[in-house]
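Participant:
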Amino acid sequence: MYLTDYEKALLNGEHGEARRLAMRVLYDLGEYYEVDRFVEIVACHDDSTVFLGEAQVEFAEHLVGMGARFAVPTTTNASAIDMSRFDRQKHDVELMTATRRIEASHMALGAIASWTCAPYQAGFAPTFGQQVACAESKVITFVNSILGARTNRYAGPLELLAGIAGRVPYFGLHVAENRKARGLIVPGDDIAPEMFEHDSFYTYFAYAFGDIVGDRVWAMDGFPPHISVDNLKNMSATLASSGGIALFHLVGITPEAQNLEMAFQGEKPREVVTLGCKDIRKAEAQLNHLGANEKIDLVTLGCPHFSCAEFLKLEDALKGRKVHGNCLLWVFTNRSTYGMIQDSGQLHRLSSQGVEIFVDGCPLQHPAEKWKTNTFMSNSGKFCNYCFGLTGKHPGLGTIAECAESAVAGKVWQERKPWWK
Amino acid sequence: MVEIACEYVIAPRKTIRLELLFSNDPISFFGGVNAADGKVADYRHGSYQQSMSNKAFAFPFGKGSSGAGLVLMEMMRLKTAPAAIINIRTDPFILTGPLISWHYYEQILPVINMNEQNYARLANMKEIELFATGTVLNAFPNNS
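From first to last, the protein sequence lines are chains L and A. Residues in the first sequence are numbered from 173 upward in steps of one, following our numbering. Residues in the second sequence are numbered from 8 upward in steps of one, following our numbering.
1. Got a sec? Which residues, its chain only, sit under 6 Å from L/Ile529 by beta carbon, not counting five neighbours each side?
2. Is the segment 551-563 of chain L in contact with the segment 437-448 of chain L, if contact means three or more CB pairs nearer than 8 Å?
3. Would you say L/Pro567 and L/Cys475 are within 7 Å of each other, going by their C-beta atoms?
4. Thinking C-alpha only, which one of L/Pro539, L/Gln458, L/Leu319 is nearest L/Ala418?
5. Where does the unbroken beta strand (DSSP E) through A/Leu28 begin, and where does it stop?
6. Could you tell me which uninterrupted alpha helix (DSSP H) segments, each at least 4 residues in length, are contained entirely in the segment 372-437 of chain L, listed from first to last along the chain?
7. Contact criterion: CB-CB distance below 7 Å. Does L/Leu562 meet it with respect to chain A?
8. Please report whether the beta-carbon of A/Leu137 lies at a distance below 7 Å from any beta-carbon of chain L.
9. The segment 311-329 of chain L: which residues have C-beta closer than 9 Å to a C-beta of chain A, in chain order?
10. Considering only the alpha carbon of each residue, which of L/Asp219, L/Pro365, L/Gln302 lies closest to L/Val311?
11. Bridge partners for L/Leu356 per DSSP, in chain order?
12. Going by Cα to Cα distance, which pick from L/Trp592, L/Glu189, L/Glu233, L/Tyr199 is closest to L/Ala455?
13. Would you mind telling me which residues of chain A sit closer than 9 Å to L/Gly361, beta carbon to beta carbon, in chain order?
14. Counting pairs of beta carbons, one from the segment 187-207 of chain L and one from the segment 291-301 of chain L, are three or more of them closer than 8 Å?
15. Report all residues from its chain with a CB closer than 6 Å to the CB of L/Ser408; omit the five preceding and five following residues, and keep chain order.
16. Helix, strand or coil: which one does DSSP assign to L/Asn350?
17. For chain A, check one thing: does any of its Cβ atoms lie closer than 7 Å to the Cβ of L/Tyr558?
18. So if DSSP puts L/Ala194 in a beta bridge, which residue, or which two residues, is it bridged to?
19. Determine the direct distance from the alpha carbon of L/Gln525 to that of L/Glu541, and round the result to whole angstroms.
20. Could you tell me which residues DSSP puts in a beta bridge with L/Pro341?
21. What residue ranges within the segment 10-87 of chain A form continuous beta strand (DSSP E) runs of no fewer than 3 residues, ordered along the chain?
22. Taking the alpha-carbon positions, what's the L/Gly382 to L/Ser413 distance?
23. Using a Cβ-Cβ cutoff of 8 Å, what residues of the segment 178-212 of chain L are near chain A? List them in chain order.
24. Between L/Asn431 and L/Lys494, what straight-line distance do the alpha-carbon atoms span, to the nearest angstrom?
25. Measuring only between beta-carbons, confirm whether A/Pro117 sits less than 7 Å from chain L.
26. Taking only beta-carbon atoms, is A/Asp44 less than 7 Å away from chain L?
27. Name the residues in the segment 375-392 of chain L whose C-beta lies less than 7 Å from a C-beta of chain A; which are they?
28. Under 7 Å, CB to CB, which of the residues in the segment 96-118 of chain A have a partner in chain L?
29. How many angstroms separate the CA atom of L/Gly511 from the CA atom of L/Ser479?
30. Taking Cβ positions only, does A/Tyr50 come closer than 7 Å to chain L?
31. Roughly how many whole angstroms lie between the Cα atoms of A/Ala48 and A/Thr103?
32. Work out the CA separation of A/Asn31 and A/Gly53 for me, nearest whole Å.
33. Anyone know if the C-beta pair for L/Ala576 and L/Ala489 falls short of 7 Å?
34. Say whether chain L places a C-beta atom closer than 7 Å to the C-beta of A/Arg20.
35. From A/Leu106 to A/Cys13, what does the alpha carbon distance come to, in whole angstroms?
The following block contains the structure:
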């Protein structure tokens, strides 16, 4: 592997033990992928932030003890809890303590206190063609596919080492050639234009896409150009949970895939799959397990973190009504968006309607036993995909409007979908 | 016993024989595995409710959350981790835990790759034997 003099010095420990460890692990990764050189990164997104066990806390503190510092601007992903209001969520003090240890160590490494899984909606978005190292599956997919910056699927705590070294092996999706789409998924003849007006259509299509494509790079075509950023965000989250997707080419939206020829870098798709209403119904059956009028304990929104536009949608849907006394409506967002809805007066209005708005935290980390929550509903394909594995309960999925109606009624309210029989 | 060609991404220190947990489904360690007991928690996965602890866990490739790295490291700490991982392709999500644990804790979690045809041959196997060097593993259709 070709190494610059600086990289050799990093590897030899001339720039400290932390950078040596970082470079050593990244070098081994490069060997595995048969890489011939490193590439410098301009930013890093740190997903070693949700507490998943003592190992990650120890490791970050060990890095701090070695004197490690990030070499590039590094944003923090969501944490497990709202750091200021964990008691309101009824989270354990132990989880709070662990989260504060994570906060302290990552700040000591020089991270930016963004604490969000949608950093691009909090002012941190790399631009087209930039090399970055991101962890967090849905951030990775959005950054690659919608922004057109380049990252592989880095997992925590490997991204910390990439941030410390300021470089990664030049492999995978850092290389233009490997970003070429191989297969194509298109909506079938029975997918009517009106279906694209339903936010959950995008979620179900994305779920089916991830399920079929697995860990490959494929394109999807036949979508209208006016898809909202929040639908792109939710699609990225969903297909990165049903599949191992790091990059999808949404033809006409993805910067390097403005047309089919660009997506396939001049070649032809090796495989073309058509998704019809049957496939959308199948995806819906995987994510939406609740029927109309079933009682709901918790409606949880903000997976990925809610945007200003989504808060407007939620407020419109609530029409001034209060959340049902037997139901919780929780929304998770980032600190910047929270500041903006506070300034606009929305925070006050939504709070007085019974909406609980949290920052930093993750909807997937819900202390269900404390709240005795047995039935969950969300607008998130990602939440609904992981819900059973984390809580043992099958959730319901609906649009923001359906979630709002359900929270007001305390039971599931569903619109009739055009893809139903 | 059959000999199957493979690549040792991370080889064990010495020869080990392990029970095999084989699956044709990709997995997300976050949300798909319970770190506390090492059991598969995703009801759609072929190995649902089965434990991977101290076994060779074969799945074609990783999917889903980047929490995989942290979950695998925590499983290694709790001693609920698989004793080896066998994939067709190993993405950085899966490789992170074994790679960092190797350099940081000096703890080896062998990672083995093999092509699709060879992977399919593992389907009816009960145990496998891994070696510190070389390019093959042994697979056994019955328990020893």
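Note that beta-carbon positions come from the ideal geometry of N, C-alpha and C, so glycine has one too. Note that this is a predicted model, so its numbers are computed, not measured.
Facilitator: So, from the data block:
1. By one-based count along the first sequence, residue 529 of chain L stands at place 357. Excluding residues up to 5 positions away in sequence, Val503 lie with their Cβ nearer than 6 Å to the Cβ of L/Ile529 in the same chain.
2. Because the criterion of three Cβ pairs below 8 Å is not met, the segment 551-563 of chain L and the segment 437-448 of chain L do not touch.
3. The sequence position of residue 567 of chain L within the first sequence is 395, counting from 1. The sequence position of residue 475 of chain L within the first sequence is 303, counting from 1. The criterion of a C-beta distance shorter than 7 Å is not satisfied by L/Pro567 and L/Cys475.
4. Translated into the one-based positions of the first sequence, residue 418 of chain L becomes position 246. Nearest of L/Pro539, L/Gln458, L/Leu319 to L/Ala418, Cα basis: L/Leu319.
5. Within the second sequence, numbered from 1, the residue matching residue 28 of chain A stands at position 21. Segment 23-29, the beta strand (DSSP E) holding A/Leu28.
6. Runs found: 401-414, 432-435.
7. Numbered from 1 along the first sequence, position 390 holds the residue referred to as residue 562 of chain L. At least one C-beta of chain A is nearer than 7 Å to the C-beta of L/Leu562.
8. One-based indexing of the second sequence puts residue 137 of chain A at position 130. No, A/Leu137 lies away from the interface with chain L (no Cβ there is under 7 Å from its Cβ).
9. Within the segment 311-329 of chain L, the residues whose Cβ lies closer than 9 Å to some Cβ of chain A are Val311, Ile312, Asn324, Arg325, Tyr326, Ala327, Gly328, Pro329, listed in chain order.
10. Stepping through the first sequence from its first residue, residue 311 of chain L is reached at position 139. That would be L/Asp219, whose Cα lies nearest to the Cα of L/Val311.
11. Within the first sequence, numbered from 1, the residue matching residue 356 of chain L stands at position 184. L/Leu356 pairs with L/Ala391, L/Val444.
12. Within the first sequence, the letter at position 283 stands for residue 455 of chain L. Cα-wise, what sits closest to L/Ala455 is L/Trp592.
13. Stepping through the first sequence from its first residue, residue 361 of chain L is reached at position 189. First, the amino acid is wrong: residue 361 of chain L is Asp here, not Gly. For a Cβ distance threshold of 9 Å, nothing in chain A lies close to L/Asp361: the least Cβ distance comes to about 29 Å.
14. Not touching, per the Cβ criterion.
15. Locating residue 408 of chain L in the first sequence gives position 236, counting from the first residue. Excluding residues within five positions, the ones whose Cβ falls inside 6 Å are Lys310, Thr313, Phe314.
16. Numbered from its first residue, the first sequence carries residue 350 of chain L at position 178. Taken through DSSP and simplified to helix, strand or coil, L/Asn350 comes out as helix.
17. Reading the first sequence from its first residue, position 386 is the one you call residue 558 of chain L. Interface annotation, L/Tyr558: in contact with chain A, CB-CB separation under 7 Å.
18. The count along the first sequence starts at 1 and reaches residue 194 of chain L at position 22. The secondary-structure analysis by DSSP pairs L/Ala194 with nothing; it has no beta-bridge partner.
19. Mapped onto the first sequence, residue 541 of chain L falls at position 369. Mapped onto the first sequence, residue 525 of chain L falls at position 353. In this structure, the alpha-carbon of L/Glu541 lies about 25 Å from that of L/Gln525.
20. The residue labelled residue 341 of chain L in the question sits at position 169 within the first sequence. Per DSSP, the beta-bridge partners of L/Pro341 are L/Phe210.
21. Counting only unbroken stretches of 3 or more residues, the beta strand (DSSP E) elements lying wholly within the segment 10-87 of chain A are 14-17, 23-29, 63-65, in sequence order.
22. Stepping through the first sequence from its first residue, residue 382 of chain L is reached at position 210. Stepping through the first sequence from its first residue, residue 413 of chain L is reached at position 241. Here the alpha carbon of L/Gly382 sits roughly 7 Å from the alpha carbon of L/Ser413.
23. Taking 8 Å as the cut-off between beta carbons, the residues of the segment 178-212 of chain L near chain A are Leu193, Arg196, Val197, Asp200, Leu201, Tyr204, in sequence order.
24. In the first sequence, the residue the question calls residue 431 of chain L occupies position 259. In the first sequence, the residue the question calls residue 494 of chain L occupies position 322. Taking the straight line joining both Cα atoms gives about 46 Å.
25. Counting from 1 along the second sequence, the entry for residue 117 of chain A is found at position 110. For A/Pro117, the answer is no, since every Cβ of chain L falls outside 7 Å of its Cβ.
26. Residue numbering aside, residue 44 of chain A sits at position 37 when the second sequence is read from its first letter. Interface annotation, A/Asp44: not in contact with chain L, CB-CB separation never under 7 Å.
27. Only Gly386, Asp387 from the segment 375-392 of chain L bring a Cβ to less than 7 Å from some Cβ of chain A.
28. Within the segment 96-118 of chain A, the residues whose Cβ lies closer than 7 Å to some Cβ of chain L are Arg96, Asp98, Pro99, Phe100, Leu102, Thr103, Leu106, Ile107, His110, Tyr111, listed in chain order.
29. Here residue 511 of chain L refers to the residue found at position 339 when the first sequence is read from its first residue. Here residue 479 of chain L refers to the residue found at position 307 when the first sequence is read from its first residue. Between the alpha carbons of L/Gly511 and L/Ser479 lies a distance of about 12 Å.
30. Here residue 50 of chain A is taken as the residue at index 43 of the second sequence, counted from 1. It does: the Cβ of A/Tyr50 has a partner Cβ on chain L nearer than 7 Å.
31. As a working note, residue 48 of chain A is residue 41 in the second sequence. As a working note, residue 103 of chain A is residue 96 in the second sequence. Whole-angstrom Cα-Cα distance: 21 Å.
32. Counting from 1 along the second sequence, the entry for residue 53 of chain A is found at position 46. Counting from 1 along the second sequence, the entry for residue 31 of chain A is found at position 24. Spanning the two alpha carbons is a distance of roughly 7 Å.
33. Here residue 576 of chain L corresponds to residue number 404 of the first sequence, with the count starting at 1. Here residue 489 of chain L corresponds to residue number 317 of the first sequence, with the count starting at 1. Contact flag set, yes.
34. Here residue 20 of chain A refers to the residue found at position 13 when the second sequence is read from its first residue. No, because no Cβ of chain L sits closer than 7 Å to the Cβ of A/Arg20.
35. Your numbering for residue 106 of chain A matches position 99 in the second sequence. Your numbering for residue 13 of chain A matches position 6 in the second sequence. Answer to the nearest angstrom: the Cα atoms are 19 Å apart.
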